[in-house]
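S.K.:
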Amino acid sequence: MGENWQYGMKVEFQVTKVLADEEMSRCHMKYVETPCHGNVLMMDGEVQFSTADEARYGDMMMWSVPELPYSYNQPPHPAPWNHTVDILVLGGGDGLLARDLLKRCTIPQITIVDWDAKFVAWASDNITENNGSLKDPRVRVLDMDVRDPRVIEEGKKYDVIVLDLPDPDSPEMQDLYTYVLKTVIPAVSKTHVTVKAHVGPAVATNKKHPNWKFIEKFQWDMEDMFYKTGRRTDYTFDTDYIPSYMHEWGFVTCVAWKHPDAENCCSCGHNYARCECSKFNDPSGVAYRQPSPSCCSDADDCACDYGARPSPLEPLTEIP
1 MGENWQYGMK
11 VEFQVTKVLA
21 DEEMSRCHMK
31 YVETPCHGNV
41 LMMDGEVQFS
51 TADEARYGDM
61 MMWSVPELPY
71 SYNQPPHPAP
81 WNHTVDILVL
91 GGGDGLLARD
101 LLKRCTIPQI
111 TIVDWDAKFV
121 AWASDNITEN
131 NGSLKDPRVR
141 VLDMDVRDPR
151 VIEEGKKYDV
161 IVLDLPDPDS
171 PEMQDLYTYV
181 LKTVIPAVSK
191 THVTVKAHVG
201 PAVATNKKHP
211 NWKFIEKFQW
221 DMEDMFYKTG
231 RRTDYTFDTD
241 YIPSYMHEWG
251 FVTCVAWKHP
261 DAENCCSCGH
271 NYARCECSKF
281 NDPSGVAYRQ
291 PSPSCCSDAD
301 DCACDYGARP
311 SPLEPLTEIP
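Numbering (my numbering), first residue to last: 1 to 320.
1. Considering only the alpha carbon of each residue, which of Thr16, Val47, Phe13 lies closest to Cys27?
2. Among the residues of its own chain, which have a CB less than 7 Å from the CB of Gly93, if the five just before and after it don't count?
3. Helix or strand or just coil, what does DSSP make of Asp167?
4. Helix, strand or coil, according to DSSP, for Val151 in the structure here?
5. Is there contact here, the segment 169-187 with the segment 231-249, by at least three beta-carbon pairs under 8 Å?
6. With H, G and I counted as helix, E and B as strand and the rest as coil, what does DSSP make of Ile185?
7. Trp220: which of Lys190, His192, Thr253, His209 sits nearest, CA to CA?
8. Does DSSP put Val195 in a helix, a strand or coil?
9. With distance defined between alpha-carbon atoms, name the residue in Val255, Tyr245, Trp257 nearest to Gln6.
10. Measure the Cβ-Cβ separation of Ile161 and Arg138 and say whether it is below 8 Å.
11. Classify Leu19: buried if its beta carbon has 16 or more other beta carbons within 10 angstroms, exposed otherwise.
12. Give me the DSSP bridge partner(s) of Ala202.
13. Counting C-beta neighbours from all protein chains within 10 Å, is the total for Glu153 16 or more, i.e. buried, or is it exposed?
14. Between which two residues does the beta strand (DSSP E) holding Glu23 run?
15. Ordered along the chain, which non-local residues of its own chain (more than five positions away) have a Cβ less than 6 Å from that of Arg56?
16. Specify the secondary structure class of Arg232 as computed by DSSP and reduced to three states.
17. May I ask you to report which of helix, strand or coil DSSP gives Phe13?
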């Protein structure tokens, strides 16, 4: 059995048994047994996971989740948190990330948004590796597209947002990631929030792979989105080789927070959003803050750079 061409290659698996071959609400699903990769799930001809190595993907998605986003005067909480953690998983209908989050957090409340209710029901009964996470009372599943306005209109805010979306392997899928960044995350994130996402193939030592263009745009879009809401961000980027994907896969973590004085941040008493210190220059397509002497009596003492990002932006930091 082979998958479709993706990122200039495709993977073939020897199949010892077909466990399921069904039309779901939104895709065609195959679940097969293989001699070397365990059970492999494919949707519309693309590998989703193999039971032999899905823990690698899960571990990378759980790295730093849920560490509490911090401010200048508030050190990070130890993980796991000792209070309720509201977590949003966009995608994740197989229940595997929900399984890991339930183990990671002391008091989790997990919301999964997945648009294929038939697949979620099938996964709940047939993917034993999720340890029954989709039936756990701490997990609720919303049967809707992540672009459905009800995701936002519900009004719930989250401490952690995990993007377990389809691979960004086409302009349409990349547009989906952009929509989530610019529309969903600003509306549903708490002031202090951790965002985690997989971003496709990424050979850490060689940025000639064409997917790097998307990865860098994803970083800048997220940085810009949080910046416009007055929040600072810390990023980490790491990769791990996923055998069933035949690629080194990239993972981005963003921790965003706002300085506690951001609403009244400078000596002139201006609100943060209106303060003249928030003037933007955009000579190269990247907005950044330029302090204005006209705002405060002493520009050197102006505190309006709370929440600002450096100029120019530093590149993603790789984990040693």
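Note that the Cβ used here is the ideal one computed from N, Cα and C, for glycine as well.
M.R.: So, from the listed chains and residues:
1. Within the sequence shown, the letter at position 27 stands for residue 27. Ranking the options by Cα distance to Cys27, first place goes to Val47.
2. Counting from one through the sequence shown, the residue named residue 93 turns up at place 93. Closer than 7 Å at Cβ, skipping near neighbours: Ile112, Asp114, Asp116, Phe119, Val120, Ala123.
3. Position 167 of the sequence shown, counted from the first residue, corresponds to residue 167. Here Asp167 sits in coil by DSSP.
4. Taking the first residue of the sequence shown as position 1, residue 151 is located at position 151. Val151: helix per DSSP, three-state reduction.
5. no
6. Taking the first residue of the sequence shown as position 1, residue 185 is located at position 185. In this structure, Ile185 counts as helix in the three-state DSSP scheme.
7. Taking the sequence shown and counting its residues from 1, the one referred to as residue 220 is at position 220. The option with the nearest alpha carbon to Trp220 is Thr253.
8. The residue you call residue 195 lines up with position 195 of the sequence shown. The answer is strand: DSSP assigns Val195 an E or B state.
9. Sequence index remark: in the sequence shown, residue 6 carries index 6 (1-based). Of the listed residues, the one whose Cα sits closest to Gln6 is Tyr245.
10. Here residue 161 refers to the residue found at position 161 of the sequence shown. Here residue 138 refers to the residue found at position 138 of the sequence shown. Their beta carbons are not under 8 Å apart, which means Ile161 does not touch Arg138 by this criterion.
11. Numbered from its first residue, the sequence shown carries residue 19 at position 19. Flag for Leu19 reads exposed.
12. Counting from 1 along the sequence shown, the entry for residue 202 is found at position 202. DSSP output for Ala202 lists no bridge partner at all.
13. Numbered from its first residue, the sequence shown carries residue 153 at position 153. Under this definition Glu153 is an exposed residue.
14. Residue mapping note: residue 23 aligns to position 23 of the sequence shown, counting from 1. Segment 17-23, the beta strand (DSSP E) holding Glu23.
15. Residue 56 sits at position 56 when you count from the first residue of the sequence shown. So the list reads Asp240, Ile242, once near-sequence residues are dropped.
16. Position 232 of the sequence shown holds residue 232. In this structure, Arg232 counts as strand in the three-state DSSP scheme.
17. Translated into the one-based positions of the sequence shown, residue 13 becomes position 13. If DSSP states are grouped into helix, strand and coil, Phe13 belongs with coil.
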